[in-house]
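J.:
There are 2 protein chains.
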Amino acid sequence: MNIRIGILGYGNLGRGVECAIKQNKDMELVAVFTRRNPSDVSILTKSAAVCSIDEVEKWKDKIDVMILCGGSATDLPKQTPEYAKMFNVVDSFDTHAKIPEHFANVDEAARDGGKVGLISVGWDPGMFSLNRMYANAILPEGKDYTFWGKGVSQGHSDAIRRIAGVKNAKQYTIPVEEALESVRKGENPELTTRQKHIRECFVVLEDGADAAKVEEEIKTMPNYFADYDTIVHFISEEELMKNHSGIPHGGFVLRSGKTGWESENNHLIEYSLKLDSNPEFTACVIVAYARAAYRLYKEGQVGCKTVFDIAPAYLSAKSGEELRKEML
Amino acid sequence: MNIRIGILGYGNLGRGVECAIKQNKDMELVAVFTRRNPSDVSILTKSAAVCSIDEVEKWKDKIDVMILCGGSATDLPKQTPEYAKMFNVVDSFDTHAKIPEHFANVDEAARDGGKVGLISVGWDPGMFSLNRMYANAILPEGKDYTFWGKGVSQGHSDAIRRIAGVKNAKQYTIPVEEALESVRKGENPELTTRQKHIRECFVVLEDGADAAKVEEEIKTMPNYFADYDTIVHFISEEELMKNHSGIPHGGFVLRSGKTGWESENNHLIEYSLKLDSNPEFTACVIVAYARAAYRLYKEGQVGCKTVFDIAPAYLSAKSGEELRKEML
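These protein sequence lines map, in sequence, to chains A and B. At position 57 of the first sequence (counting the first as 1) the number is 60 in my numbering, and the numbers step up by one without a gap. At position 135 of the second sequence (counting the first as 1) the number is 138 in my numbering, and the numbers step up by one without a gap.
Structural data, given as structure tokens:
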């Protein structure tokens, strides 16, 4: 029997999960739950139901894993503990500083319900975290670097849109090539915020807005832009739609370390992602971990887990024999 | 109490393990076992014993994990099952085609002895396998590529040394840059053996040997060189020692895949290693997995396992809380 998946929240991530399920033959999307009026939500999977979030409890025995596709700011801190009482759940909670608190809340709820809750699944947190952790365990004497991009930062794009006179905007985070090369050469540089990333902004102005003033406001915005070299382009709405409607992202995790009795040898471990669609890739990671959540639950495990706690084989549809024969 | 480690076999890998243990504060090297006369073997760790392999059984209760540093051709197929009856063991068995058979033998022995046996730990098999597996689980629709190098192939260097008239030789495997770039661009190329790697050889001739004949013999050697673009340089013994005495290696694991309802988006996952010392890096991976073997044993697990079966957190000296706080 297929693993029966539910999706809670049908935005970019929810739609990405729907697409990913289609690529995994041992899984099946059974229902999408929404806060909107279900009749207003049109999904791609003909065989799946669209339901109000208020009905979710009725699906307790019809869904093996519920994938929570809400946001980390306000949705997931409430939703993941709430639904972990009823379902095995996977979320992509990405507020790094609040992970310990979220873990504790989900752990308690999942144990109460006898379920498995997998949190912070995606690429960062997620695959990037895993690579940081593996690389640190392998090379205890070393230095870590994470670069993000080139990719769209939703938070930074939103921050620009809130400026008076701005009609629309898209912000790209771009790693500084020289910094990356220095790390790759084993130079172990100490890098400031400005030396690591550039911020490039494409901005559509309202009629009559003062471009110079908007540019100044962007470049001096604390936290978001003031500490970076920021490039601002003013473009038309048409150009924004035509050339900047995608949601690409990616990045690099590197660890440079030393081995040998006198630390005489250098090593570099590098992991990188180049993604056309940030939410679709995140969804692919989540769906692989949904398989793991289901299997752990079947084994009788309960409580909150992260990517660090899951043996890799649980993610794959292949058997242990197949994996050893084909991939080891 | 520290994890007490034994090393069986003291060549490049054994010495690498010794160095790696020094970097891991929760571990301690207690003894090195050798087939040579122990008094002829000088190790770096003052506090550790050097013993004959014949005495190994006496150490049953004094060693938590025995790291087997023999070769895959003849040593490990015998040694790993033999010692898995007495010790938790980790090996770096790397004959890919024989892994299923080796797994079965080690599994039976380890279960008999109530021990954990971790096989095929290193970077390929090992970290490369893990990255192939994770990437396949995340992107079910895609294509895999593994490139090796730039690095020294011991097997190919040995093959050249066996040619009449050759005094010494070193062979580098080098990935073809154009092929790598094509994969990175998402072109999903079909690559022949020749299109993926170049073989570069540095050869020292015996006095009076015929260089043209040796070069011809190298370039036409079946399996090893005939299917590759092979470059042969003749150099002096001094130059070989000065410029080619290291054992660097590395490589690239890439998966290029598609997502989206109509497979409209491309993604690239890339993992790469650049290693000054192949045996020292392999040793670092092994030592991290020795920690995992010890913990699994403490939990009551038995039998043969591979990197696919080990949750990442087991490799790290840090606690679950620390990992979630610092690395997730």
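The beta carbon of each residue, even a glycine, is placed where N, CA and C say it ideally should be. Computed from a predicted structure; not experimentally measured.
Taking the alpha carbon of residue 243(A) as the reference point, which residue from 175(A), 130(A), 100(A) has its own alpha carbon closest?
T.: Counted from its first residue, the first sequence places residue 243(A) at position 240. If we check each option's Cα against that of residue 243(A), 175(A) comes out closest.
J.: So, at 7 angstroms on beta carbons, what are the nonlocal neighbours of residue 7(B) in its own chain, with the 5 sequence-adjacent residues on each side left out?
T.: Here the question's residue 7(B) lines up with position 4 in the second sequence. The residues are 31, 33, 65, 66, 67.
J.: Report yes if the C-beta of residue 284(B) is less than 7 angstroms from at least one heavy atom of the ligand NAP; otherwise report no.
T.: Of the ligands one can find in the structure shown there are none, so the ligand NAP has no counterpart to examine.
J.: Less than 8 angstroms between CB atoms is the rule here; does residue 102(B) satisfy it with respect to chain A?
T.: Your numbering for residue 102(B) matches position 99 in the second sequence. Yes, its Cβ sits closer than 8 angstroms to a Cβ of chain A.
J.: Run down chain A in chain order and give the residues with a C-beta less than 7 angstroms from the C-beta of residue 135(B).
T.: Against the second sequence, residue 135(B) aligns to sequence position 132. Correct list: 330.
J.: Any beta carbon of chain A sitting closer than 8 angstroms to that of residue 287(B)?
T.: Against the second sequence, residue 287(B) aligns to sequence position 284. Taking Cβ atoms only, chain A reaches closer than 8 angstroms to residue 287(B), which makes this a yes.
J.: Please confirm whether residue 20(B) and residue 300(B) have their CB atoms less than 8 angstroms apart.
T.: As a working note, residue 20(B) is residue 17 in the second sequence. As a working note, residue 300(B) is residue 297 in the second sequence. Not a contact, by the Cβ cut-off of 8 angstroms.
J.: Check each candidate in 320(A), 306(A), 328(A), 325(A) and name the one with the smallest Cα separation from residue 107(A).
T.: By one-based count along the first sequence, residue 107(A) stands at place 104. Cα-wise, what sits closest to residue 107(A) is 306(A).
J.: Can you tell which of 129(B), 144(B), 138(B) has its C-alpha closest to the C-alpha of residue 138(A)?
T.: Here residue 138(A) refers to the residue found at position 135 when the first sequence is read from its first residue. Checked all of 129(B), 144(B), 138(B); the closest Cα to residue 138(A) is 129(B).
J.: Less than 8 angstroms between the CB atoms is what I'm expecting for residue 234(A) and residue 204(A), so what's the real figure, rounded?
T.: Walking along the first sequence from the start, residue 234(A) turns up at place 231. Walking along the first sequence from the start, residue 204(A) turns up at place 201. Residue 234(A) to residue 204(A), Cβ: 7 angstroms. Contact.
J.: Rounded to whole angstroms, how far is the Cβ of residue 292(A) from the Cβ of residue 93(A), which I believe are closer than 8 angstroms?
T.: Residue numbering aside, residue 292(A) sits at position 289 when the first sequence is read from its first letter. Residue numbering aside, residue 93(A) sits at position 90 when the first sequence is read from its first letter. About 5 angstroms separates the two Cβ atoms, so the contact holds.
J.: Have a look at 43(B), 148(B), 302(B) and flag the residue whose alpha-carbon is nearest the alpha-carbon of residue 195(B).
T.: Residue numbering aside, residue 195(B) sits at position 192 when the second sequence is read from its first letter. Of the candidates 43(B), 148(B), 302(B), the one whose C-alpha sits nearest the C-alpha of residue 195(B) is 148(B).
J.: Can you give, in chain order, each stretch of the alpha helix (DSSP H) that sits fully within the stretch 271-329 of chain B and has at least 4 residues?
T.: Correct list: 281-301, 323-329.
J.: Taking Cβ positions, are residue 276(A) and residue 126(A) nearer each other than 8 angstroms?
T.: Taking the first sequence and counting its residues from 1, one reaches residue 276(A) at position 273. Taking the first sequence and counting its residues from 1, one reaches residue 126(A) at position 123. Yes, Cβ-Cβ distance for residue 276(A) and residue 126(A) is below 8 angstroms.
J.: Among the residues of its own chain, which have a CB less than 6 angstroms from the CB of residue 91(A), if the five just before and after it don't count?
T.: Mapped onto the first sequence, residue 91(A) falls at position 88. For residue 91(A), where only same-chain residues beyond five positions count, the Cβ hits under 6 angstroms are 68, 118, 119, 296, 300.
J.: Quick one: using the 10 Å Cβ neighbour count with 16 as the cut-off for buried, is residue 266(A) buried or exposed?
T.: Against the first sequence, residue 266(A) aligns to sequence position 263. Exposed: under 16 other Cβ atoms inside 10 Å.
J.: Which whole runs of the beta strand (DSSP E) in the stretch 194-263 of chain A are 3 residues long or more, in chain order?
T.: Runs found: 200-208, 232-237, 252-262.
J.: Output, in chain order, the set of chain A residues within a Cβ distance shorter than 9 angstroms of residue 159(B).
T.: For this step, residue 159(B) is matched to residue 156 along the second sequence. Within 9 angstroms Cβ-Cβ: nothing; residue 159(B) doesn't reach chain A, min ~22 angstroms.
J.: Does chain B have any CB closer than 8 angstroms to the CB of residue 79(A)?
T.: Residue numbering aside, residue 79(A) sits at position 76 when the first sequence is read from its first letter. So no, residue 79(A) is outside the interface.
J.: Cβ atoms of residue 151(B) and residue 192(B): under 8 angstroms apart, would you say?
T.: What you label residue 192(B) is simply residue 189 of the second sequence in a count that begins at 1. What you label residue 151(B) is simply residue 148 of the second sequence in a count that begins at 1. Against a cut-off of 8 angstroms, the Cβ pair of residue 151(B) and residue 192(B) comes out as no contact.
J.: Looking at the secondary structure, which residues open and close the alpha helix (DSSP H) in which residue 60(B) lies?
T.: Residue numbering aside, residue 60(B) sits at position 57 when the second sequence is read from its first letter. Counting along the chain, residue 60(B) falls outside any alpha helix (DSSP H), and DSSP gives it neither H nor E.
J.: Starting from residue 149(B), trace the beta strand (DSSP E) both ways and give me its first and last residue.
T.: As a working note, residue 149(B) is residue 146 in the second sequence. Counting along the chain, the beta strand (DSSP E) containing residue 149(B) begins and ends at 145-151.
J.: How about residue 302(A): is its C-beta nearer than 8 angstroms to some C-beta of chain B?
T.: For the purposes of this step, residue 302(A) is identified with residue 299 of the first sequence, where counting begins at 1. Taking Cβ atoms only, chain B never reaches closer than 8 angstroms to residue 302(A), which makes this a no.
J.: Would you give the residue range spanned by the alpha helix (DSSP H) that residue 23(A) belongs to?
T.: The residue labelled residue 23(A) in the question sits at position 20 within the first sequence. Here the alpha helix (DSSP H) through residue 23(A) covers 15-25.
J.: Give every residue of the same chain whose Cβ lies closer than 8 angstroms to the Cβ of residue 97(B), excluding the five residues on either side of it in the sequence, and list them in chain order.
T.: Counting from 1 along the second sequence, the entry for residue 97(B) is found at position 94. The residues are 75, 123, 125, 127, 128.
J.: Verify the CB distance criterion: does residue 116(B) have a CB-CB separation below 8 angstroms to chain A?
T.: Here residue 116(B) refers to the residue found at position 113 when the second sequence is read from its first residue. By this cut-off, residue 116(B) is not an interface position.
J.: So with CB distances below 9 angstroms, who are the chain A contacts of residue 263(B)?
T.: Residue mapping note: residue 263(B) aligns to position 260 of the second sequence, counting from 1. Those within 9 angstroms of residue 263(B) in chain A are 19, 22, 279, 280, 283.
J.: Would you kindly work out how many angstroms separate the C-alpha atoms of residue 197(B) and residue 220(B), rounded to a whole number?
T.: Your numbering for residue 197(B) matches position 194 in the second sequence. Your numbering for residue 220(B) matches position 217 in the second sequence. Straight-line Cα distance between these residues: approximately 18 angstroms.
J.: Just grab the DSSP bridge partners of residue 7(A) for me.
T.: Within the first sequence, the letter at position 4 stands for residue 7(A). Beta-bridge pairing links residue 7(A) to 31(A).
J.: Within the continuous beta strand (DSSP E) that includes residue 176(A), where are the two ends?
T.: Along the first sequence, one-based indexing puts residue 176(A) at 173. Residues 169-178.
J.: Can you tell which of 35(B), 58(B), 161(B), 100(B) has the C-alpha that lies nearest to the C-alpha of residue 326(A)?
T.: Stepping through the first sequence from its first residue, residue 326(A) is reached at position 323. When each option's Cα is compared against that of residue 326(A), the closest is 100(B).
J.: In angstroms with no decimal places, state the Cα-to-Cα distance between residue 252(B) and residue 4(A).
T.: Start at 1 with the first residue of the second sequence, and residue 252(B) comes out as number 249. Start at 1 with the first residue of the first sequence, and residue 4(A) comes out as number 1. If you take the alpha carbons of residue 252(B) and residue 4(A), they lie about 45 angstroms apart.
J.: Can you list, in chain order, the residues of its chain whose CB lies under 7 angstroms from that of residue 186(A), leaving out five sequence neighbours each side?
T.: In the first sequence, the residue the question calls residue 186(A) occupies position 183. Cβ within range, chain order: 148, 192, 257, 259.
J.: Sort 310(A), 287(A), 315(A), 226(A) by Cα distance to residue 17(A) and report the nearest one.
T.: Taking the first sequence and counting its residues from 1, the one referred to as residue 17(A) is at position 14. Closest by alpha carbon: 287(A).
J.: Residue 95(B) to residue 268(B), Cα distance in whole Å?
T.: Numbered from its first residue, the second sequence carries residue 95(B) at position 92. Numbered from its first residue, the second sequence carries residue 268(B) at position 265. Distance between the alpha carbons of residue 95(B) and residue 268(B) is about 38 angstroms.
J.: With residue 107(A) as the anchor, note down where its alpha helix (DSSP H) starts and where it stops.
T.: Along the first sequence, read from residue 1 onward, the residue named residue 107(A) stands at position 104. Its alpha helix (DSSP H) spans residues 102-116.
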